[in-house]
Amino acid sequence: MKLRRMVIPMLALAFGACKNGNTNNNTKDIVEIPVLKLEAQDTSLTNDYVADMQAIKNVEVRSRMHGFIDRVMVDEGQQVKQGQLLFQLNDREYSIALNRAKANLASALSAASIAEVELERIKTLVDKKVISPSELSLGEAKLSEAASRIKTAKAMIDDANQKLTYAKVRAPFSGRIDRLPLKAGSLVEEGALLTTVSDTRQMYAYFDVSENEYLQFVRNGKGRFDHDKETTLILSDGSIYPVKGKIQTHENAFSDNTGSIAFRAMFNNPGHILKHGVSGKIRLNSRLTGSVLVPQKSVFEIQDKSYVFVLDKNNIVKMRSFVPKLSLSGYYVVGSGLKPGEVIVYEGVQELRDGKVIKPVYTTMKKLLASK
């Protein structure tokens, strides 16, 4: 009887010890994990794209003739007007050709006059039956030949005059002169680069958009790539260019090398701060109304499907698939599969498994968006 009284308390103590030990082990396995409560909200997201800045007009001025540069009429960096004389090339060879063409024209006109007089004489003699009618055909042929020589001489004069204009190199439009690689006295070949003229009153900004982003833009209608959408330019030093730009157009084909398509924005450049070839970033704002955002770091993929861990009321995580509608700057916009009010694991999804109990540490979308 005494033995029985001793065994029962000992068994009770042992059972209690085992039970306490299991509880301690389970508590030790529960880790703190950041979680996020999903909300439907209006928010503005920003996207930056590397931009290539180009002057609205940027033209290489090249020689159209072989010869020496007699005079350089401008200096590097000088502002010029359309039609202003930039270079004077030696035109003596073409002046000689013009004089020769004029002499040929005078000779052809004289020959035509003689042929015309001769033809009238032949007509008179034929009418009087002094000579045969075949002489008339010969006289008409000579007059026709003289007329052809006149046309040829006039064409030579036009050609010589045209080539003489090549000796005077003028500005194709108003702009600013770039470097002058050749100086007065240099021998230039046809096609040689003389300088470049840039009109920087307005600037084009070209930026590439990935195929996925472009397709999302097309499917969802209006968005950040719309025509006349206002844009911001971030300069290479991180400062914001004070003048806003607008999207104008985009290319019709994707690049084979990058798989992206180029869009073009235009910026006014009243202070000529921007130069042809400078770098920067185009910043576009996206306004989302009543959308549910999921951070991309909260998402993992299995067989091309997107998943998150959803937290239930017992702090147990469950895998759930959802369909993203579009991707914007580190976030997915939910199309279906998740609703406002549900709680998902924010980060650390790589360490979790389905059915695991966690200790949630809540964060808010407001904090996440404010830290961007």
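If you read the sequence shown in our numbering, its first letter stands for residue 477, the second for the next number, and so on.
Note that CB positions come from ideal geometry on N, CA and C, so glycine has one too.
Quick test of your reading: residue i and residue j, contact by CB under 8 Å. State the CB separation rounded to the nearest angstrom.
i: tyrosine 717; j: valine 511; result: In fact, because the Cβ distance is near 40 Å, the residues do not count as touching under 8 Å.
i: leucine 562; j: valine 537; result: 7 Å
i: alanine 629; j: alanine 588; result: Their Cβ separation, rounded to whole angstroms, is 10 Å, which puts alanine 629 and alanine 588 out of contact at 8 Å.
i: phenylalanine 785; j: isoleucine 820; result: 6 Å
i: leucine 640; j: serine 571; result: 7 Å
i: serine 805; j: glycine 735; result: 19 Å between Cβ atoms; not a contact.
i: glycine 721; j: lysine 533; result: In fact, because the Cβ distance is near 17 Å, the residues do not count as touching under 8 Å.
i: valine 475; j: methionine 529; result: Residue 475 lies beyond the residue range present for the chain, which begins at 477 and ends at 848; the question has no answer from this structure.
i: alanine 531; j: threonine 676; result: 5 Å
i: leucine 844; j: proline 771; result: 7 Å
i: alanine 660; j: isoleucine 545; result: 5 Å
i: threonine 707; j: arginine 759; result: 7 Å
i: glutamate 823; j: serine 782; result: In fact, because the Cβ distance is near 16 Å, the residues do not count as touching under 8 Å.
i: asparagine 745; j: methionine 795; result: The Cβ separation is near 53 Å, so there is no contact.
Quick one, which of the options has its alpha-carbon nearest residue i's?
i: histidine 748; options: Tyr690, Glu592, Gly543 and Ser674; result: Ser674
i: glycine 667; options: Val645, Arg677, Arg652 and Asp528; result: Val645
i: isoleucine 653; options: Gln554, Leu709, Pro800 and Gly811; result: Gln554
i: aspartate 780; options: Gly817, Pro648, Ser797 and Asp567; result: Ser797
i: lysine 618; options: Ile590, Lys605, Leu670 and Lys789; result: Ile590
i: valine 768; options: Ser805, Asn733, Pro816 and Met795; result: Pro816
i: valine 810; options: Lys751, Lys627, Asp635 and Thr765; result: Thr765
i: leucine 802; options: Ala631, Lys722 and Tyr690; result: Tyr690
i: isoleucine 710; options: Asp603, Asp524 and Glu594; result: Asp524
i: lysine 757; options: Tyr682, Leu574 and Lys842; result: Tyr682
i: glycine 813; options: Tyr807, Pro800, Asn580 and Val825; result: Pro800
i: asparagine 733; options: Lys605, Arg829, Lys627 and Asp684; result: Asp684
i: asparagine 790; options: Lys835, Phe776, Gly824 and Glu777; result: Lys835
i: leucine 663; options: Ala516, Gly543 and Lys842; result: Gly543
i: alanine 527; options: Ile723, Lys842, Val825 and Pro746; result: Ile723
i: alanine 631; options: Ala579, Lys773, Ala660 and Phe743; result: Ala579
i: leucine 585; options: Lys513, Lys627 and Arg655; result: Lys627
i: glutamate 552; options: Arg655, Asn728 and Tyr807; result: Arg655
i: isoleucine 633; options: Ala573, Met541 and Leu514; result: Ala573
i: alanine 643; options: Glu727, Pro746 and Val548; result: Val548
i: aspartate 567; options: Met541, Phe776 and Asn688; result: Met541
i: arginine 740; options: His752, Glu727, Val550 and Ser731; result: Glu727
i: lysine 705; options: Asp713, Phe730, Ser712 and Phe743; result: Phe743
i: glutamine 638; options: Glu569, Glu621, Lys557 and Ser624; result: Glu569
i: serine 610; options: Ser620, Ile598 and Glu665; result: Ile598
i: alanine 516; options: Ala729, Lys605, Leu612 and Glu818; result: Glu818
Given a threshold of 16 other Cβ atoms within 10 Å of its Cβ, counted over all protein chains shown, does residue i qualify as buried or as exposed?
i: alanine 582; result: exposed
i: asparagine 500; result: The predicted position of asparagine 500 is uncertain, since its pLDDT is 43 and thus under 50; a value taken from the coordinates is nonetheless stated next. Its Cβ having fewer than 16 others within 10 Å, asparagine 500 is exposed.
i: isoleucine 506; result: exposed
i: threonine 840; result: exposed
i: lysine 495; result: Confidence in lysine 495 is poor, its pLDDT being 44 and thus under 50, which makes the residue's placement too unreliable to answer from.
i: histidine 703; result: exposed
i: leucine 614; result: exposed
i: leucine 750; result: buried
i: alanine 493; result: Here alanine 493 scores only 42 on pLDDT, less than 50, and its place in the model should not be relied on; the value that follows carries that caveat. The residue is exposed, with fewer than 16 neighbouring Cβ atoms inside 10 Å.
i: glycine 497; result: A caution first: glycine 497 carries a pLDDT of 44, below 50, which makes its placement in the model too unreliable to give a value.
i: isoleucine 851; result: For residue 851 there is no data in the structure shown, the boundaries of the chain being 477 and 848.
i: alanine 846; result: exposed
i: aspartate 518; result: exposed
i: glycine 559; result: exposed
i: isoleucine 607; result: exposed
i: aspartate 603; result: exposed
i: isoleucine 778; result: exposed
i: asparagine 761; result: exposed
i: threonine 672; result: buried
i: threonine 503; result: In this predicted model, threonine 503 has a pLDDT of only 49, less than 50, meaning its place in the structure is not dependable enough to derive any value.
i: threonine 600; result: exposed
i: glycine 831; result: exposed
i: serine 715; result: exposed
i: serine 624; result: exposed
i: valine 556; result: buried
What does residue i pair with, by DSSP beta-bridge criteria?
i: alanine 531; result: Met679
i: methionine 795; result: Phe785
i: valine 441; result: There is no way to answer for residue 441, as the model of the chain reaches only from 477 to 848.
i: histidine 726; result: Phe739
i: threonine 839; result: Leu512
i: valine 719; result: Valine 719 is not bridged to any residue.
i: leucine 672; result: The displayed chain sequence assigns threonine, not leucine, to residue 672. Note: threonine 672 sits in a beta bridge opposite Glu536.
i: valine 819; result: Lys513 and Leu787
i: valine 770; result: Tyr808
i: asparagine 745; result: Beta-bridge pairing links asparagine 745 to no other residue.
i: aspartate 706; result: First, the residue type needs correcting, since residue 706 is glutamate and not aspartate in the sequence shown. DSSP, once it has assigned bridges, lists Lys722 as partnering glutamate 706.
i: leucine 760; result: Asn523
i: arginine 646; result: Leu561
i: proline 800; result: Val810
i: serine 755; result: Asp528
Can you find a C-beta in chain D that's less than 8 Å from the C-beta of residue i?
i: glycine 543; result: In the structure shown, chain D does not exist; there is a single protein chain.
Pick out the complete alpha helix (DSSP H) segments inside the stretch 538 to 604, 4 residues or longer, and give them in chain order.
568 to 603
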